[in-house]
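Working notes for the structure below.
2 protein chains.
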Amino acid sequence: MKQITIKDVAEAAGVSKATASRVLSGHPATSPEARKAVEAAAGRLGFRPNAQARSLRNTRTQTIGLLLPDVRNPFFGDLAHAVEQRARSFGYMTLFGNANENVEQQDEYIDVMLSQRVDGVIAAPQGDGGNLSQLLRSGVPVVFVDRVLDSIKVPSVSPDNSTGIHDAVKHLTARGHRRIGYIAGPQSTSTGRERLRSYKEALAATGADTDADLIFLGDFQAASGAEGARTLLDLANPPTALLAADSLMSIGAVGVCNERGIAIGTDLAFVAHDDIDAFTLINPPLTVIAHDIDAMGRLAVDMLMSVIGGGSPASHTIPGRLIVRGSTPEFEKERQS
Amino acid sequence: MKQITIKDVAEAAGVSKATASRVLSGHPATSPEARKAVEAAAGRLGFRPNAQARSLRNTRTQTIGLLLPDVRNPFFGDLAHAVEQRARSFGYMTLFGNANENVEQQDEYIDVMLSQRVDGVIAAPQGDGGNLSQLLRSGVPVVFVDRVLDSIKVPSVSPDNSTGIHDAVKHLTARGHRRIGYIAGPQSTSTGRERLRSYKEALAATGADTDADLIFLGDFQAASGAEGARTLLDLANPPTALLAADSLMSIGAVGVCNERGIAIGTDLAFVAHDDIDAFTLINPPLTVIAHDIDAMGRLAVDMLMSVIGGGSPASHTIPGRLIVRGSTPEFEKERQS
Numbered sequence: 001m002k003q004i005t006i007k008d009v010a011e012a013a014g015v016s017k018a019t020a021s022r023v024l025s026g027h028p029a030t031s032p033e034a035r036k037a038v039e040a041a042a043g044r045l046g047f048r049p050n051a052q053a054r055s056l057r058n059t060r061t062q063t064i065g066l067l068l069p070d071v072r073n074p075f076f077g078d079l080a081h082a083v084e085q086r087a088r089s090f091g092y093m094t095l096f097g098n099a100n101e102n103v104e105q106q107d108e109y110i111d112v113m114l115s116q117r118v119d120g121v122i123a124a125p126q127g128d129g130g131n132l133s134q135l136l137r138s139g140v141p142v143v144f145v146d147r148v149l150d151s152i153k154v155p156s157v158s159p160d161n162s163t164g165i166h167d168a169v170k171h172l173t174a175r176g177h178r179r180i181g182y183i184a185g186p187q188s189t190s191t192g193r194e195r196l197r198s199y200k201e202a203l204a205a206t207g208a209d210t211d212a213d214l215i216f217l218g219d220f221q222a223a224s225g226a227e228g229a230r231t232l233l234d235l236a237n238p239p240t241a242l243l244a245a246d247s248l249m250s251i252g253a254v255g256v257c258n259e260r261g262i263a264i265g266t267d268l269a270f271v272a273h274d275d276i277d278a279f280t281l282i283n284p285p286l287t288v289i290a291h292d293i294d295a296m297g298r299l300a301v302d303m304l305m306s307v308i309g310g311g312s313p314a315s316h317t318i319p320g321r322l323i324v325r326g327s328t329p330e331f332e333k334e335r336q337s
Numbered sequence: 338m339k340q341i342t343i344k345d346v347a348e349a350a351g352v353s354k355a356t357a358s359r360v361l362s363g364h365p366a367t368s369p370e371a372r373k374a375v376e377a378a379a380g381r382l383g384f385r386p387n388a389q390a391r392s393l394r395n396t397r398t399q400t401i402g403l404l405l406p407d408v409r410n411p412f413f414g415d416l417a418h419a420v421e422q423r424a425r426s427f428g429y430m431t432l433f434g435n436a437n438e439n440v441e442q443q444d445e446y447i448d449v450m451l452s453q454r455v456d457g458v459i460a461a462p463q464g465d466g467g468n469l470s471q472l473l474r475s476g477v478p479v480v481f482v483d484r485v486l487d488s489i490k491v492p493s494v495s496p497d498n499s500t501g502i503h504d505a506v507k508h509l510t511a512r513g514h515r516r517i518g519y520i521a522g523p524q525s526t527s528t529g530r531e532r533l534r535s536y537k538e539a540l541a542a543t544g545a546d547t548d549a550d551l552i553f554l555g556d557f558q559a560a561s562g563a564e565g566a567r568t569l570l571d572l573a574n575p576p577t578a579l580l581a582a583d584s585l586m587s588i589g590a591v592g593v594c595n596e597r598g599i600a601i602g603t604d605l606a607f608v609a610h611d612d613i614d615a616f617t618l619i620n621p622p623l624t625v626i627a628h629d630i631d632a633m634g635r636l637a638v639d640m641l642m643s644v645i646g647g648g649s650p651a652s653h654t655i656p657g658r659l660i661v662r663g664s665t666p667e668f669e670k671e672r673q674s
């Protein structure tokens, strides 16, 4: 098969070879129209940057970019800290970009990171990836962390989104719960999709109720957790246990329970995601599904260093672990019967 | 008075004018020795970059740098979000550096930001400022946020570290407390120093006990809050109320109370700093001293835009506000007497 060259891409896009080259190397001095035409042609023809294109980027800046979805989410704060500390041990500084759960903002950060000539990018990607494919074509090493994309294959380190949820549902049904409400993450993210799928599988496996109205689709932010708790608790036949797919939605949901005088542990069992400090301070402390965030951050950096060095590291999964605390005690009604 | 020129600095430092110029413009291709010699000479002679030096930096990158002390502290996560959103409204992207409460790490980020040619820097400075003076000499606009330095005068937006603490101590003494323990922030930061001074003034003003052993010096991180709570609660004559100078130390201290079965609100009054979501979920929710973080972030960006445009904006203070919640109820012993 003929190797697709930059010349082929330029002809298909109707631009000069120099323009195509600038777009494909991520040079900032290109028009949006040219970028669009060249990107489309490169995608259509299946253009892949070669080692020579990579070696053109011969100026090392000793910086990596870290693209996060939400700097206010404690999970990503901890992840940022882990990545930065590990990168520093390799002599790299980490510059963060906060995409704010917004693809357009992620795209702007990718432009900035390209023009700042970072040596590599660790990203927890948004939506369909946006400009991430441009980043890859420009030859910048990329590793995904926490989230993955079906459309873009790069080495990744992601949480096991199955075991912890299966264990949580098994734990709740063993405690007598049959109606387990679920506040899901956005279905545009792999973590949101995989966790919802695991919840459904676990319900089916344990014989718990599988009513569609036990599921509320949130967006990983606190307000949607509050809305989810209100919606689920207002059901004619409300759940006796709630499970939320991240820490911020858990915070929103617990706030609604407090407002309504619903005693967590006594009136309602609750399982949160992510083992953040604050969850152990709530009375009773929250049962959580946790992943080793430090390990995730360290591995992401190690893998990026491998890619920068020309390697092709295998992807990794970080196990999920159920930590049982006071928010999921024996179910009162069962004990009394 | 004769204007100090780059030539004067070069002669005093014993380097070429080109080297002095590179150092003073923040060019990355300089040796540590040259940087040290030129910095020292520039400081000794009182060299100040002029408008011409600034105009040499004529390539706008439309990025600003944000130097934060601790990305895991929810206060700074919220501040980062506020800065980034406001900067974006001016067409600027924000790159974060996490100094991790460490001057050396802050210095490395300053080097990175200089070589990345950011158009300005918003910093919550560490210790004595380290390379911050180099940043200023290179002509990069700088605004301080949250913390200030005695040694470096730039426009700043900082919290009022007096009113909230005075109100908290008045509130606690009105509730019958005379022994108010204080978990202080590091005295190398302006916030740590000013808050401790306010605590002492407030004790004197209200007539509460002023024993030196009621004060524990922490470092704004959770572990030191836990250690502080243990130390203060183990006193022969322990405090009946605790006040902590930031959110992370508050989290550490509340954790120790839970471990020991000390009921906050009933056995011990507690006042935290910063109005983070998690504090409203604790039962009883925590009384806090809060500042409007969004306003602080917005103002810092507005002031930096003014400096970038050649202005000299006045510094601002953001008022502190006591929000009374269940952790500081009427003092039982007083009610019973």
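Going down the list, the protein sequences come from chains Y and Z. 197 is the number that my numbering gives to position 197 of the first sequence; each next residue is one higher, with no gaps. Add 337 to the 1-based position in the second sequence for my numbering, that's all there is to it. Ideal Cβ positions, reconstructed from N, Cα and C, are used throughout, including at glycine.
Beta-bridge annotation (DSSP): ARG321/Y is paired with ALA290/Y.
Runs of beta strand (DSSP E) with 3 or more residues, each lying fully within the region 539-596 of chain Z, are found at 552-554 and 578-581, listed in chain order. Listed in chain order, the beta strand (DSSP E) runs fully inside the region 426-450 of chain Z are 430-435, counting runs of at least 3 residues.
Classified as exposed, ARG44/Y has fewer than 16 neighbouring CB atoms from the shown chains inside 10 Å of its CB.
CA-CA distance, ARG193/Y to GLY127/Y, rounds to 12 Å.
Contact check between the region 197-214 of chain Y and the region 152-172 of chain Y: three or more CB pairs, one atom from each, fall below 8 Å, which counts as touching.
Neighbourhood of GLY255/Y in chain Z, by CB distance below 7 Å: THR617 and LEU618, in chain order.
By the Cβ test, the region 595-615 of chain Z is not in contact with the region 419-433 of chain Z, since fewer than three Cβ pairs between them sit closer than 8 Å. In the displayed model, SER495/Z falls within a strand according to three-state DSSP.
With 16 or more other CB atoms across the displayed protein chains lying within 10 angstroms of its CB, GLY466/Z is buried. Interface flag for ASP614/Z against chain Y is set, since a Cβ pair is found closer than 7 Å.
Taking the Cα positions, ASP160/Y is about 49 Å away from ASP487/Z. Within the same chain, and ignoring the five residues on either side of THR317/Y in sequence, the residues whose Cβ sits closer than 8 Å to its Cβ are VAL157, SER158, PRO159 and ASP160. Taking 8 Å as the upper bound for CB-CB distance, ASN283/Y and ASN620/Z are in contact here, some 5 Å apart. Chain-order list of chain Y residues neighbouring GLN453/Z: THR61, THR63, LEU95 and GLN116, by C-beta distance under 8 Å. Rounded to whole angstroms, the gap between the alpha carbons of MET586/Z and GLY513/Z is 24 Å. Neighbours of ASP415/Z across chain Y, judged by C-beta separation under 8 Å: ARG72. Contact annotation: in the region 638-650 of chain Z, no residue has its CB less than 8 Å from a CB in chain Y. Secondary-structure assignment with DSSP links ALA272/Y through a beta bridge to VAL288/Y. Going by DSSP, GLY466/Z is part of no beta strand (DSSP E) at all; its letter is neither H nor E.
With 16 or more neighbouring CB atoms inside 10 Å of its own CB, PHE144/Y falls in the buried class. Cα atoms of ARG178/Y and ALA205/Y: separation of roughly 12 Å, rounded to the nearest angstrom. Under the three-state reduction of DSSP, LEU172/Y is assigned to helix. About 7 Å separates the beta carbons of GLY414/Z and VAL408/Z, which is inside the 8 Å limit, making them a contact pair. Cβ proximity to chain Z below 8 Å picks out ALA222 from the region 200-228 of chain Y. In the three-state DSSP reduction, HIS81/Y falls in the helix class (H, G or I). At least 7 Å separates the CB of ILE262/Y from every CB of chain Z.
In the DSSP assignment, ILE520/Z falls within the beta strand (DSSP E) that extends over 517-521. Relative to the Cα of ALA417/Z, the nearest Cα in the group ASP483/Z, GLN443/Z and VAL661/Z belongs to ASP483/Z. With a contact defined as Cβ atoms closer than 8 Å, LEU217/Y and PRO239/Y miss out at about 15 Å. Counting of Cβ neighbours within 10 angstroms places GLN106/Y among the buried residues, the total reaching 16 or more. For chain Z, the residues of the region 99-112 of chain Y that bring a beta carbon within less than 9 Å of one of its beta carbons are ASN100, GLN105, GLU108, TYR109, ASP111 and VAL112, in chain order. In this structure LEU469/Z is in contact with PRO462/Z, their Cβ atoms being roughly 6 Å apart against a cut-off of 8 Å.
Counting the other CB atoms within 10 Å of its CB gives GLU441/Z a total below 16, which places it among the exposed residues. Linking SER224/Y to GLU101/Y through their CA atoms gives a straight-line distance of about 13 Å.
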